[in-house]
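Note sheet for the following structure.
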Amino acid sequence: MGGSVGGWGIRAISFAKQFVVVLYTARMEPTRILVVDDDPSVRRMLTEYLSAHGYEVREAASGAAMRAELERGTPAVVLLDIGLPGEDGLSLARYLRERHDVGIIMVTGAGDVVDRVAGLEVGADDYIAKPFDPRELRARLKSVLRRLAAKPEKKSAATAKVSVGRCFLDMKSRTLSDAKGHEIPITAMEFELLRALVQHPNQVLSRDQLLTMTRNREWEPFDRSIDIRITRLRRKLEDDPAHPRAIKTVRGAGYMFIPKDK
């Protein structure tokens with residue numbers, strides 16, 4: 343890669359590793375960033391570049407160091423290396439997702455579809471393929487932060503359990519259970535997708551709309567992540583997943599949630 347940004351060769355950001363960008367949204371300084379990577383040259387490059395653009399940047403070389411930094415102060419954004427020794431980035435992202443209301447941007451190799459899907463599985467909002475121009479990363483950070491800031495605040499009065507197929511979705515506890523009350527495992531992405539459908543009953547939602555509603559990520563051509571999630575949800579929700587009644591496919595348009603009583 344040629345060219346330079348702020349005095350650095352763009353080649354410097356053709357990382358041998360992958361990153362997850364985790365954005366914190368609740369009651370936090372909007373410009374604080376925590377860079378979590380075991381490569382000091384990568385941490386230094388990101389710190390210098392982002393600091394030059396007005397961000398307050400902190401560094402950590404491991405999951406333990408990340409937790410220590412979080413104790414000192416909550417960042418607005420965490421850049422998280424997937425290939426950390428010990429706890430990998432996906433494990434740390436899952437840890438963060440379970441404990442914080444966060445947005446996530448995953449940075450992957452151009453052809454790493456599996457990693458993109460894995461990132462979506464733990465709740466990623468977006469991804470960016472490497473090698474990339476740091477200006478694009480900064481633009482995506484700004485875009486996601488702007489969309490998160492524009493999100494309407496969650497209503498305090500949470501809806502009670504909603505009947506979805508043969509299951510019940512608890513909007514407050516973010517859990518799915520069967521008719522006997524047994525909890526059914528559901529990922530963060532699956533919950534967000536199901537909530538978006540339930541909140542728009544009898545309304546066709548396109549893949550573009552669902553991606554934006556669930557993880558604030560614009561749809562890209564040939565993106566099949568929504569289809570994958572719908573298929574998995576149907577296995578959990580439907581008596582006959584091959585002939586779904588709760589989540590209907592509207593050919594050429596998208597998907598629609600059909601409440602039982604209607």
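Residue numbers (my numbering): 343 to 604. For every residue, glycine included, the Cβ atom is placed at its ideal position computed from N, Cα and C.
Original post:
When you compare each of P476, V546 and L392 to I600 by their alpha carbons, which one comes out closest?
Top reply: Of the candidates P476, V546 and L392, V546 places its Cα closest to the Cα of I600.
Subject >> Sub-7 Å separation of L579 and G507 beta-carbons >> reply: For L579 and G507, yes; Cβs fall inside 7 Å.
Original post:
If we cut at 7 Å on Cβ distances, does E525 have a partner in chain C?
Top reply: Reference to chain C is not applicable here, since this structure consists of a single protein chain.
Original post:
Taking the C-alpha atoms as reference points, what is the distance between R480 and L392?
Top reply: Here the alpha carbon of R480 sits roughly 8 Å from the alpha carbon of L392.
Original post:
Rounded to a whole number of angstroms, what is the C-alpha to C-alpha distance between Y437 and M513?
Top reply: If I take the Cα positions, the gap works out to 21 Å.
**OP:** May I have the straight-line CA-CA distance separating T528 from M408, to the nearest angstrom?
**Re:** Note that residue 528 is Ile in the sequence shown here, rather than Thr. If you draw a straight line from the Cα of I528 to the Cα of M408, it comes to about 27 Å.
**OP:** Let me know the secondary structure DSSP gives K315 once reduced to three states.
**Re:** Here the chain has residues from 343 to 604 only, and residue 315 is not among them.
Original post:
Under three-state DSSP, which class holds K590?
Top reply: The answer is strand: DSSP assigns K590 an E or B state.
Subject >> Distance between A435 and A403 (C-alpha atoms, nearest Å) >> reply: Straight through space, the alpha carbons of A435 and A403 are spaced by roughly 15 Å.
Original post:
Under the three-state reduction of DSSP, which class applies to D287: helix, strand or coil?
Top reply: Because the chain is modelled from 343 through 604, residue 287 falls outside the range shown and cannot be assessed.
Subject >> Helix, strand or coil at R400 [DSSP, three-state] >> reply: It is a strand residue.
**OP:** Figure out for me which residue from V455, G405, L483 and F474 has the closest Cα to the Cα of H395.
**Re:** Across the set V455, G405, L483 and F474, the C-alpha of L483 shows the shortest separation from the C-alpha of H395.
Original post:
Of the residues L388, P417 and A530, which one's Cα is nearest the Cα of R439?
Top reply: In terms of Cα proximity to R439, the closest of L388, P417 and A530 is A530.
Subject >> Between the CA atoms of R587 and F474 - distance to the nearest angstrom >> reply: Straight-line Cα distance between these residues: approximately 43 Å.
Original post:
Is the beta carbon of L575 sitting closer than 7 Å to the one on E532?
Top reply: Yes, the Cβ-Cβ distance between L575 and E532 is below 7 Å.
**OP:** Would you tell me roughly how many angstroms separate the C-alpha atoms of I352 and P476, rounded to the nearest one?
**Re:** Because the pLDDT at I352 is just 44, under 50, the model does not fix this residue reliably, and the point stays unresolved.
Original post:
Do L432 and V464 have their CB atoms nearer than 7 Å?
Top reply: In contact: L432 and V464 (Cβ atoms closer than 7 Å).
**OP:** Can you grab the Cα-Cα spacing for the pair L388 / G425, in whole Å?
**Re:** Looking at the backbone, the Cα of L388 and that of G425 are separated by about 17 Å.
**OP:** Count the other C-beta atoms from every protein chain shown that fall within 10 angstroms of the C-beta of D423, then say buried if there are 16 or more, exposed otherwise.
**Re:** Buried, because 16 or more other Cβ atoms sit within 10 Å of the Cβ of D423.
**OP:** With DSSP as the reference, please indicate the residues paired to L552 in a beta bridge.
**Re:** None, per the DSSP bridge assignment.
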